[in-house]
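First residue of the sequence shown? That's 28 in my numbering, and the numbers climb one at a time after it.
Only one structure is covered here, and it is reproduced in the block below.
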Amino acid sequence: MSASLTLYNSLTRSLEPFAPLDPAKGVRVYSCGPTVYNYAHLGNLRAYVFTDTLSRVLTWKGYALTHVINITDVGHLTSDADAGDDKMEAAARAQAKSIWDVAAHYTAAFKQNISDLNIRQPSRWSVATDHIAEMLDFAKRIAPQHCYELDTGLYFDTSTVRDYGRLAGTQDDVREGRIDPVAGKRHPQDFAIWRKSPQGEQRQMEWDSPWGKGAPGWHLECSVMSLKYLGAPFDIHTGGVDHREIHHPNEIAQNQAWCGCNDTGARFWMHNNFLVDRGAKMSKSKGGFTTLQSLIDAGVHPLAYRLLCLQAHYRSELEFSAENLAAALTRLKRLIMAVTALEAKAEGEGTAVALWLERLDEAVSDDLGTPRALPILDELLADKKLSPADRLATLVAFDEVLGLNLRILTREALRLRPANATLTAEQIGDRLVERQQARLVKDFRRSDTIRDELAAGGVEVMDGDPLGWDWKPAL
Ligand code: AMP
Ligand code: ZN
28 MSASLTLYNS
38 LTRSLEPFAP
48 LDPAKGVRVY
58 SCGPTVYNYA
68 HLGNLRAYVF
78 TDTLSRVLTW
88 KGYALTHVIN
98 ITDVGHLTSD
108 ADAGDDKMEA
118 AARAQAKSIW
128 DVAAHYTAAF
138 KQNISDLNIR
148 QPSRWSVATD
158 HIAEMLDFAK
168 RIAPQHCYEL
178 DTGLYFDTST
188 VRDYGRLAGT
198 QDDVREGRID
208 PVAGKRHPQD
218 FAIWRKSPQG
228 EQRQMEWDSP
238 WGKGAPGWHL
248 ECSVMSLKYL
258 GAPFDIHTGG
268 VDHREIHHPN
278 EIAQNQAWCG
288 CNDTGARFWM
298 HNNFLVDRGA
308 KMSKSKGGFT
318 TLQSLIDAGV
328 HPLAYRLLCL
338 QAHYRSELEF
348 SAENLAAALT
358 RLKRLIMAVT
368 ALEAKAEGEG
378 TAVALWLERL
388 DEAVSDDLGT
398 PRALPILDEL
408 LADKKLSPAD
418 RLATLVAFDE
428 VLGLNLRILT
438 REALRLRPAN
448 ATLTAEQIGD
458 RLVERQQARL
468 VKDFRRSDTI
478 RDELAAGGVE
488 VMDGDPLGWD
498 WKPAL
């Protein structure tokens, strides 16, 4: 693939040519992972469709890849700064379970989401609580020159490193209002490295430390695990755009303190924009959110959500709505039907066609331009100058980047039965035949009644659907 890869670096706020720092090590990527106190909402999952696209494009371009995603099971407070309760402690209390059970349950659910979205497994999942000893070592090394102790814990003095807040673009304009006050902090943006357990309070998760019994601050884990598994500096650090404000500037400050230099720890800092739901803001902590499983239960194939994500550039906000999702499902169905039609005509093994691969390469090498790649796929499928077998072989190569399972999915597999469906597929078929007969004898009242009854069972009747579906799940 000959196009040169360009990626947007949040640190410089510009597109920059990408090359691995140490070609012998391949490309090293660290992605901030989920906090496993609840199910991931669809917005969270957009972050991992983005990292998957990044890792697929890097692999497509021939790089060996080491990708680490962490699992946060300690330290993330209900506020992104240092106030509030630990999200894990609060969830365990609310559910009357141990933190370890809560973490295990939501970690498994998250990994199921990852597999449903055809997101490739990272080289390593690293769990925060498996790295407490390393976090303590890290903290001991930076404490003398960069930290101070208060009653509530050990805090990082952000004035001890250069350019604090450069990533967030806030050096000259610290947004104090966004940062919750902690009594005694030297600067509002200083943050906890270690949080002491409150006096007389028995916490589920606490460890001994030179600063008393307690738990690490949230930012510490990512510095420690990225350094341990990828070395410093490594190539690319990713996260949602909210991390550009507090979490990543704090990781950078810790990394600078650890190396005693000005290195941020990673060469590129990349951030996906938000999935927004104008109806009800998706928020795990507020309880109003849509999970991938809720879409599957409604009868929507999870890869339709993947396609919805790919239709937008990762740096653009993406609006979530039932209409957008339904349109993505229709588009996916159209693609699958085009593939099925080609399969019926193809003879023998085809070959992937270089000209088309170059076109895809150009699109995705330009800061992961998946919205540009999708119309190229449509054009490829319709290119009559190519034999069906060659078109299919080229499509398989495209799908290495897109991950839509285009040669595996079938039209039938795409249509999931809603979890609350009161009708079996057979019953739906029978009712549709009945309705057809009513229409033949122009008994439209009866035909409408059947349609309404089906709708009540979660089935939307589709008259004259060009793609040949006679019903679909009602969204
Ligand atoms: P969390 O589980 O809260 O630590 O978040 C997991 C990932 O989801 C992080 O990279 C967040 O930045 C990202 N994220 C949170 N909300 C959204 C959203 N609405 N759209 C896209 N990414 C999000
Ligand atoms: Zn992180």
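Using N, Cα and C, we set each Cβ at its ideal position, and we do this for glycine too.
Computed from a predicted model, the values in this text were never measured in an experiment.
Item to check | Residues near A482 by beta carbon distance below 7 Å, same chain, minus five either side | outcome: A distance below 7 Å between beta-carbons, with the five flanking residues on each side excluded, links A482 to the following residues of its chain, in chain order: A501.
Checklist entry - Under the three-state reduction of DSSP, which class applies to D457: helix, strand or coil? => result Annotated three-state conformation of D457 is helix, per DSSP.
Checklist entry - Would you say F45 touches ligand 1, meaning its beta carbon is less than 7 Å from a heavy atom? => result Every heavy atom of ligand 1 is 7 Å or more from the Cβ of F45, so no.
Checklist entry - Based on Cα-Cα distance, which residue from L254, D184, Q454, L422 lies nearest to W221? => result For the options L254, D184, Q454, L422, the alpha carbon positioned closest to that of W221 is the one of D184.
Next on the checklist: With a threshold of 7 Å (Cβ to nearest heavy atom), would P415 be considered close to ligand 1?
Outcome noted: P415 Cβ: outside cutoff for every heavy atom of ligand 1.
Checklist entry - Applying the criterion that 16 or more other CB atoms from any shown protein chain within 10 Å of the CB defines a buried residue, is Q216 buried or exposed? => result So Q216 counts as buried.
Checklist entry - What's the call for E203, buried or exposed, on a 16-neighbour Cβ count within 10 Å? => result Residue placement at E203 is flagged as unreliable, the pLDDT there being 47, under the threshold of 50; a coordinate-derived value is accordingly withheld.
Checklist entry - Got a sec? Which residues, its chain only, sit under 8 Å from T367 by beta carbon, not counting five neighbours each side? => result Cβ contact annotation for T367 (same chain, cutoff 8 Å, sequence separation greater than five): T437, R438, in chain order.
Checklist entry - For V303, which beta-bridge partners are listed by DSSP? => result Note: V303 sits in a beta bridge opposite E346.
Checklist entry - Out of curiosity, what's the CA-to-CA distance linking E272 and N299? => result Rounded to the nearest angstrom, the two C-alpha atoms are 13 Å apart.
Checklist entry - Can you find at least 3 beta carbon pairs, one from the region 241-258 and one from the region 153-161, that sit closer than 8 Å? => result Result yes; three or more Cβ-Cβ pairs closer than 8 Å.
Item to check | Enclosing alpha helix (DSSP H) for E406 [first to last residue] | outcome: Start and end: 397-409.
Item to check | Contact belief for L144 with R399 at Cβ below 8 Å, rounded distance in angstroms | outcome: Actually they do not touch by this definition, with Cβ atoms about 21 Å apart.
Checklist entry - How many angstroms separate the CA atom of K412 from the CA atom of A390? => result For K412 and A390, the gap between their C-alpha atoms comes out near 22 Å.
Checklist entry - In chain order, which continuous runs of the beta strand (DSSP E) of length 3 or greater are located wholly inside the region 65-104? => result If we require 3 residues or more, the beta strand (DSSP E) runs fully inside the region 65-104 come out as 92-98.
Checklist entry - Which whole runs of the alpha helix (DSSP H) in the region 108-188 are 4 residues long or more, in chain order? => result Counting only runs of 4 or more, we get 114-122, 126-143, 159-173.
Next on the checklist: Give me the DSSP bridge partner(s) of S236.
Outcome noted: Bridge partners of S236: none, in fact.
Item to check | Collapsed DSSP secondary structure at I477 in the structure displayed | outcome: Here I477 sits in helix by DSSP.
Checklist entry - Taking Cβ positions, are V63 and T105 nearer each other than 8 Å? => result Pairing V63 with T105 gives a Cβ-Cβ distance that is not under 8 Å.
Next on the checklist: Does R438 come out as helix, strand or coil in the three-state DSSP assignment?
Outcome noted: Of the three classes helix, strand and coil, the one that applies to R438 here is helix, per DSSP.
Item to check | Which of helix, strand or coil DSSP assigns to D417 | outcome: D417 falls in the helix class under three-state DSSP.
Item to check | Distance CB(K510)-CB(P415) smaller than 8 Å | outcome: Missing from the structure shown is residue 510; the chain here goes from 28 to 502 and no further.
Checklist entry - When you compare only the Cα positions, how much space is there between A452 and V488? => result So the two alpha carbons sit approximately 13 Å from each other.
Checklist entry - Sorry if obvious, but does the Cβ on L302 come closer than 7 Å to a heavy atom of ligand 1? => result Yes; taking the cut-off as 7 Å, the Cβ of L302 has a heavy atom of ligand 1 nearer than that.
Checklist entry - Counting along the chain, where does the alpha helix (DSSP H) carrying P329 start and finish? => result P329 -> alpha helix (DSSP H) spans 329-338.
Next on the checklist: Since F137 and A67 should fall inside the 8 Å C-beta cutoff, what is the C-beta to C-beta distance between them, to a whole number of angstroms?
Outcome noted: The beta-carbon separation of F137 and A67, rounded to 5 Å, stays under the 8 Å limit for a contact.
Checklist entry - If L443 sits next to L408, beta carbons under 8 Å apart, how far is it from one beta carbon to the other, in whole angstroms? => result With 8 Å as the limit, L443 and L408 do not qualify as a contact, their Cβ atoms being about 24 Å apart.
Next on the checklist: Using 8 Å for Cβ pairs, my map puts F347 next to L302. What's the rounded Cβ distance?
Outcome noted: That pair is a contact at about 5 Å.
Next on the checklist: Please return the same chain residues whose Cβ sits closer than 8 Å to the Cβ of R213, not counting the five positions on each side in sequence.
Outcome noted: The answer, listed in chain order, is Y175, Y182, D184, S186.
Checklist entry - With a Cβ-Cβ cutoff of 8 Å, do H246 and F218 count as a contact? => result Cβ distance < 8 Å, so H246 and F218 count as in contact.
Checklist entry - So, are the CB atoms of P519 and G292 less than 8 Å apart? => result In this structure the chain extends from 28 to 502, so residue 519 is not present and cannot be described.
Item to check | Distance between D394 and V486 (C-alpha atoms, nearest Å) | outcome: Counting only the Cα atoms, D394 lies some 40 Å from V486.
Checklist entry - Going by alpha carbons, who is nearest to T421 out of A379, L441, E406? => result Taking the Cα of T421 as reference, the smallest distance to any Cα among A379, L441, E406 is reached at A379.
Next on the checklist: Once DSSP output is grouped into helix, strand and coil, what is the label at N36?
Outcome noted: For N36, the secondary structure class from DSSP, reduced to helix, strand or coil, is strand.
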